[in-house]
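K.L.:
One structure is given below, represented as structure tokens, and several questions about it will come after.
There are 2 protein chains.
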Amino acid sequence: MTQSTPKILSIAGSDSGGGAGIQADIKTFTALHCYGMSALTALTSQNTLGVHQVHAVPVDFITSQIRHVITDLGVDALKTGMLYSKEVIEGVVDTLQELSVRAPLVVDPVMVSTSGHRLLNQDALTALQGKLLPKTTLCTPNIPEAELLTGRSIASVRDMLSAATRLNSVNTLVKGGHLTFSVDEVQRAIAEVRRGDFGDVGDVTNPTNVTVHGETFAAAATNNDSTNTATAYVLDTYAQLRGNPSTQGTHKSGEERLVVDILYQRPQGHLDIFIHPFVSSTSTHGTGCTLSAALAAYLGGSRSGSSRDTSACTRMTMAEAVQAALTYTRLGIEHSEGLGAGNGPLNHMHSMHRGTHITTPLTPRTTRQPTPLTTHLITTAGVWWDTYIAHPFVHQLATGTLPSSSFRHYIAQDYIYLLHYARIHSLAGYKSRSMGDLEAFARITSQIVQESAMHRDYCREWGVDEKTLMSTPESAQNIAYTRYLADVGHSGSLLDLVVAVASCLLGYGEIGRRLKTSANTGCPISPGVVCIKDNNPYWKWIEDYASDDFQAAVFDGIDMLERMAEEDHLGADHLAHLSNIFTTCCKLECGFWDMGLHRL
Amino acid sequence: MTQSTPKILSIAGSDSGGGAGIQADIKTFTALHCYGMSALTALTSQNTLGVHQVHAVPVDFITSQIRHVITDLGVDALKTGMLYSKEVIEGVVDTLQELSVRAPLVVDPVMVSTSGHRLLNQDALTALQGKLLPKTTLCTPNIPEAELLTGRSIASVRDMLSAATRLNSVNTLVKGGHLTFSVDEVQRAIAEVRRGDFGDVGDVTNPTNVTVHGETFAAAATNNDSTNTATAYVLDTYAQLRGNPSTQGTHKSGEERLVVDILYQRPQGHLDIFIHPFVSSTSTHGTGCTLSAALAAYLGGSRSGSSRDTSACTRMTMAEAVQAALTYTRLGIEHSEGLGAGNGPLNHMHSMHRGTHITTPLTPRTTRQPTPLTTHLITTAGVWWDTYIAHPFVHQLATGTLPSSSFRHYIAQDYIYLLHYARIHSLAGYKSRSMGDLEAFARITSQIVQESAMHRDYCREWGVDEKTLMSTPESAQNIAYTRYLADVGHSGSLLDLVVAVASCLLGYGEIGRRLKTSANTGCPISPGVVCIKDNNPYWKWIEDYASDDFQAAVFDGIDMLERMAEEDHLGADHLAHLSNIFTTCCKLECGFWDMGLHRL
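As given, the protein sequences belong to chains A and B, one line each in that order. If you read the first sequence in the numbering used here, its first letter stands for residue 7, the second for the next number, and so on. If you read the second sequence in the numbering used here, its first letter stands for residue 7, the second for the next number, and so on.
See below:
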């Protein structure tokens, strides 16, 4: 172990059914590779249908548990859940003070039951606000709790922003699960915030004090400053067509409901807005407990996943911890099994079989995120993917302004490239261990050969016959790219090779889709660059890669990649190696465009 | 998921420090991919230094928790821990009866504190024996608890056997952690039991009613009927020299202390004796809770590890569940981090980063088991490894009776084999991604070339020059083996190739060691086969492979194999593929001996 296991203390109630309370906390701590400890505040005889009986634990016993645990074992972070009275709250605060506890404290202000009943009387509420929150590193109220704590109703993103700035904890995360918004509403709210129009939020005035975090769907909506700088419409389309069976053929953009969580950090007055699709499920019992436990785990130092992750020495930022905890919790809902007759618990073990965890960006495949590896590869390729997709060569293809000499040079080189690209797929066939894969690679090899017919057609127009075409001297860039693919094939595993060839497939699919969409809608592919169809000598090229056949081949490629990744139980090292391969191929693709443009 | 997650209910106390009680149970259930639920019987304010305060939970509340959990969520297995009074015990039994619970029930009869104090009064003890044990699928007393329950003292393996048959639970596991035995004592006890001399054990009379399970060390001691049919002294020697730093240079066979656990099953009256080395550690707080929780998890259906393990549909036998639970618990002690100032807790997360679990045989590397992959490969090769190591060709080399024509044929073919074996290591160098591995493979390639000097020496004696030797036509068996290695190298990853070449390295190392030891001690390598040195024309061959240099190369090979496996996060599928490769190579080695013997 590079560093010791983080020790996290939960001060909360017991849920016999196992879905919430310290049971959910211990499960979360364990799943995130932390050592869990607990000071019980109340016992419940509970199941998915509700709480049937409560047994309060005496205050002295609560503080005794806290004291004995911390003085002997120490603590790296804490969370509180159900603190049922003023005396309990004061006892907890006083004990932590007495022990000079400096570790991050996450407070889940349990005050309102799922049926809407007040769980804390006014004295307790006053003690919470007056004594506990000022010592709280991060408070995580849901909407009803935030309304109670601020005395204001919350019905919009703006209201949530306002509430987030008004609690007196050091940092506040207002959880939006009780409200959903349309894509339009969220986009409008973000636009307002970017304009500096925060509404009633006190000391937040500077637009650079806001960061918007979105998932794939929302990333497309918030393109300009999403932390996902590399986007891929092919992935969005794949998700729509093959990811979520319930939306096949019926998905309409705009019908998607979004959930927003807002993090407000002091003293810098920074707002983080987290957007993700609403997951409709009845298995949400223990969501709040799980989230606050995950937050405590991450703030306490959890990097879960590979115990040899030496980069774990750097603590996560608050926003990173929130993002990771939100993802962990959301996956728990998505992977739930519907236990019990009422609101079932989350599945805390969703990432455990994989041996990695969500702090390495590879999450398990779900209907919401069916392309974890492909998304990771594109995201980590970052600016190299962006440049590849939006290269001047590509822009000039779109606007029909590419010099014909550049295009001819490119086409001739690309023909030779496709020969090698095809033989690389034969090598992949050789490395296969199943009839299905063998047949798939044989089919792809044929499809690549057929794709090269376009190149021969263009050359025929130019009076260049196939024999001349085949004897084109390979440029250095062409050799670099094709023989890099061959070397990956000889040095590594089949998955390594499938990742290497994915760059060409995904990139051309992305470009074809973007350019054709641009020509149809008039929307730019980059500022000032709109694709045209009429009088564009390269329209045939664009249509080829935008065609249903080619796009289907792209989706098949994504299918295969994700399936192989799932079977391979990728560790962090191998994942980094795959990212390296994919990014290198994106760079080589950029070099290929350069070669075309400048006839190198 | 192939089948739903097993739901396991713990009826036990709370340990605020997190090492025992329902906290340890929840951690264990979670690590073993089960859904954990809990009915709390008592709260403790506790840390590693001890229990400081206890808060009893009213009986009605205990039974209420049990009832609400089982009626809503159902249950696949249960365990009980601290049941502090007659009323609690009767309440639990009556409630389970009322709910018609048929799921396996594991009872950890918590009755004696670590300091030796009685925790249950006589009424409670009577209720436990009279009402709970008859409904108990598996009771897990430690030595003091077994003494209390049987009224007899326990000081030997025989006493443990007797106690195991005397409890009135359906099955009983007497845990031996409080006693350790010498290797001699254990061997004697096993010999007695095999003779049918069970001592005072009632209905156990038939020697076939006993199965002995041992770890690597004890397996060597109980060679004849160990479930590990394939053994490897090279692994034992490796473990002694490189596995356990504390025994380097000082290890004396016989000084090892062993722990014995005894499982007695009704109605068949079967005894399973589990032997493993004693692990000296102060981090044993919660061992009993962890073991009983793991037993409940496995009996409830946990196959943990890959969620795609379709063989999970078959329930484990009682003995398999006990073996798996003992291993899980032992690893928890071995991987403990010494938290707190007193007796620290186990590490329940020891196998989680790996993504597999101990029901697939690959455990994490520990000083006790430093060769999990190599051991697995040899064990799964089973009879093919045994035949390879003890082939008639090998026997005839040992006794010096191998016809010289066979030896000459073999040596000539083996020379060509070594050429290919060396170039395979160059291929491995090509597939390497680190300077260290590159250099290692270059070095091994040289060493193989140097090893072939022996072949040239023999041939020189026979008047065969190197040129003639090199032009020996390759036999079909030689082509099969060498080109199989090459194909593994081209088709798969570097690890695949390292596993493939391991068979030759390990096997020849094993044979050299066994034959030389036999010649030195006069002990047979197989019934009636003793290796001789004097007048043995093949002694030079034997000495070569028994030499310190060659044995060191074997250990280096094991080092590399285990390191690469650890880095690779092997999933179940890949592990099976590696086993397949290794077993195939053992078969090919057998074929190579056949080729030599019969001059094919």
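Glycine included, each C-beta is placed from N, C-alpha and C at the ideal position.
What's the call for Thr-296 of chain B, buried or exposed, on a 16-neighbour Cβ count within 10 Å?
P.N.:
Counting Cβ neighbours within 10 Å, Thr-296 of chain B comes out buried, since at least 16 surround it.
K.L.:
Taking buried to mean at least 16 other C-beta atoms within 10 Å of its own C-beta, is Ala-225 of chain B buried or exposed?
P.N.:
Here the model assigns Ala-225 of chain B a pLDDT of 40, short of 50, so the residue's position is not dependable, and the following value carries that caveat. Its Cβ being crowded by 16 or more others within 10 Å, Ala-225 of chain B is buried.
K.L.:
For my contact list, Ser-20 of chain B and Thr-50 of chain B are in at a C-beta cut-off of 8 Å; report their separation, rounded to the angstrom.
P.N.:
6 Å between Cβ atoms; contact.
K.L.:
Between which residues of its own chain and Arg-449 of chain A is the CB-CB distance below 6 Å, once the five residues before and five after are set aside?
P.N.:
Once the five neighbours on either side are set aside, Arg-449 of chain A has no close Cβ partner at all.
K.L.:
When the Cα of Gly-602 of chain A is compared with those of A:Pro-543, A:Gly-577, A:Pro-409 and A:Asn-586, which residue comes out closest?
P.N.:
The shortest Cα separation from Gly-602 of chain A among A:Pro-543, A:Gly-577, A:Pro-409 and A:Asn-586 belongs to A:Pro-409.
K.L.:
Of all the CB atoms in chain A, is at least one closer than 8 Å to the CB of Leu-581 of chain B?
P.N.:
With 8 Å as the cut-off, Leu-581 of chain B does not count as an interface residue toward chain A.
K.L.:
For Gln-483 of chain B and His-401 of chain B, what's the separation of their Cα atoms in angstroms?
P.N.:
Looking at the two C-alpha atoms, the distance is approximately 21 Å.
K.L.:
Buried or exposed: where does Glu-96 of chain A fall if 16 or more other Cβ atoms within 10 Å of its Cβ makes it buried?
P.N.:
Buried, since its Cβ has 16 or more Cβ neighbours within 10 Å.
K.L.:
Classify Ser-188 of chain A as buried or exposed, calling it buried when 16 or more other Cβ atoms lie within 10 Å of its own Cβ.
P.N.:
The residue is exposed, with fewer than 16 neighbouring Cβ atoms inside 10 Å.
K.L.:
Which two residues bound the contiguous beta strand (DSSP E) that contains Gly-220 of chain B?
P.N.:
216-220 is the span of the beta strand (DSSP E), which, as asked, contains Gly-220 of chain B.
K.L.:
In chain A, which residues lie less than 7 Å from Ser-22 of chain B when you measure between Cβ atoms?
P.N.:
Simply Met-43, Ser-44, Ala-45, Gln-71, His-74 and Val-75.
K.L.:
Note down the Cα distance separating Arg-314 of chain A from Ala-327 of chain A, rounded to an integer number of angstroms.
P.N.:
Here Arg-314 of chain A scores only 36 on pLDDT, less than 50, and its place in the model should not be relied on; the value that follows carries that caveat. Each residue's alpha carbon lies about 20 Å from the other.
K.L.:
Residues in its own chain within less than 6 Å of Ile-32 of chain B by CB, not counting five upstream and five downstream?
P.N.:
Within the same chain, Ile-32 of chain B has close Cβ partners Gly-42.
K.L.:
Skipping 5 residues on each side, what residues in its chain have a beta carbon closer than 6 Å to that of Gln-52 of chain A?
P.N.:
Same-chain partners within the cutoff: Asp-21, Ser-22 and Gly-23.
K.L.:
Would you decide whether Asp-540 of chain B is buried or exposed? Buried here means 16 or more other CB atoms lie within 10 Å of its CB.
P.N.:
By the 10 Å Cβ count, Asp-540 of chain B comes out exposed.
K.L.:
Let me know the beta strand (DSSP E) ranges lying completely inside the region 442-520 of chain B, each 3 residues or longer, listed in chain order.
P.N.:
Counting whole runs of 3 or more residues, the region 442-520 of chain B contains no beta strand (DSSP E) stretch at all.
K.L.:
Closer than 8 Å by beta-carbon distance: list the chain A residues that pair up with Phe-588 of chain B, in chain order.
P.N.:
Those do not exist, as Phe-588 of chain B stays about 16 Å from chain A at its closest Cβ, beyond 8 Å.
K.L.:
Can you check DSSP and say which residues form a bridge with Val-266 of chain B?
P.N.:
Answer by DSSP bridge pairing, in chain order: B:Ile-281.
K.L.:
Bridge partners of Leu-15 of chain B, per DSSP?
P.N.:
Paired residues: B:Met-43 and B:Leu-84.
K.L.:
Could you list which residues in chain A have their beta carbon closer than 8 Å to that of Phe-67 of chain B, in chain order?
P.N.:
Result: Leu-49, Ser-51, Gln-59 and His-61.
K.L.:
Excluding five sequence neighbours on each side, which residues of the same chain lie with their C-beta closer than 7 Å to the C-beta of Ala-418 of chain B?
P.N.:
Excluding residues within five positions, the ones whose Cβ falls inside 7 Å are Leu-475 and Thr-478.
K.L.:
Please list the terminal residues of the continuous alpha helix (DSSP H) segment that includes Ala-1 of chain A.
P.N.:
Missing from the structure shown is residue 1 of chain A; chain A here goes from 7 to 606 and no further.
K.L.:
Inspect the beta-carbon positions of Val-112 of chain B and Lys-141 of chain B and report whether they are closer than 8 Å.
P.N.:
Against a cut-off of 8 Å, the Cβ pair of Lys-141 of chain B and Val-112 of chain B comes out as no contact.
K.L.:
Under a CB-based cut-off of 8 Å, is Leu-55 of chain A close to chain B?
P.N.:
Yes - at least one Cβ of chain B is within 8 Å of the one on Leu-55 of chain A.
K.L.:
Specify, as a first and last residue, the run of the beta strand (DSSP E) that His-58 of chain A falls within.
P.N.:
Residues 56-62.
K.L.:
Tell me whether Asn-586 of chain B is buried or exposed, calling it buried when 16 or more other Cβ atoms sit within 10 Å of its Cβ.
P.N.:
Exposed, since its Cβ has fewer than 16 Cβ neighbours within 10 Å.
K.L.:
So, is Asn-127 of chain B buried or exposed, given that buried needs 16 or more other C-beta atoms within 10 angstroms?
P.N.:
That one is exposed.
K.L.:
Taking 8 Å as the threshold (beta carbon to beta carbon), is Glu-568 of chain B in contact with chain A?
P.N.:
With 8 Å as the cut-off, Glu-568 of chain B does not count as an interface residue toward chain A.
K.L.:
With distances taken Cα to Cα, identify the nearest neighbour of Trp-503 of chain B among A:Ser-499, A:Val-504 and A:Leu-167.
P.N.:
Per the sequence presented here, residue 503 of chain B reads as Leu, with Trp not at that position. Nearest of A:Ser-499, A:Val-504 and A:Leu-167 to Leu-503 of chain B, Cα basis: A:Ser-499.
K.L.:
Name the chain B residues whose beta carbon is nearer than 9 Å to that of Thr-11 of chain A?
P.N.:
Neighbours of Thr-11 of chain A on chain B, chain order: Glu-343, Leu-345, Asn-353 and Met-355.
K.L.:
Counting along the chain, where does the alpha helix (DSSP H) carrying Leu-606 of chain A start and finish?
P.N.:
Taken as a continuous stretch (DSSP letters only), Leu-606 of chain A belongs to no alpha helix (DSSP H), as it is neither H nor E.
K.L.:
Using a Cβ-Cβ cut-off of 8 Å, state whether Gly-469 of chain B counts as contacting chain A.
P.N.:
Not one chain A Cβ lies under 8 Å of Gly-469 of chain B.
K.L.:
On the three-state DSSP scale, how would you describe Gln-629 of chain A?
P.N.:
Look at the range of chain A in this structure, 7 to 606, and you will see that residue 629 of chain A is not part of it.
K.L.:
When the cut-off is 8 Å and only beta carbons count, does Gln-29 of chain A lie next to chain B?
P.N.:
It does: the Cβ of Gln-29 of chain A has a partner Cβ on chain B nearer than 8 Å.
K.L.:
Whose Cβ in chain A lies nearer than 8 Å to the Cβ of Asp-574 of chain B?
P.N.:
Ordered by position in chain A, the residues that pass the 8 Å Cβ test against Asp-574 of chain B are Gly-577 and His-580.
K.L.:
What does DSSP give as the partner residues of Arg-124 of chain A in its beta bridges?
P.N.:
Bridge partners of Arg-124 of chain A: A:Val-118.
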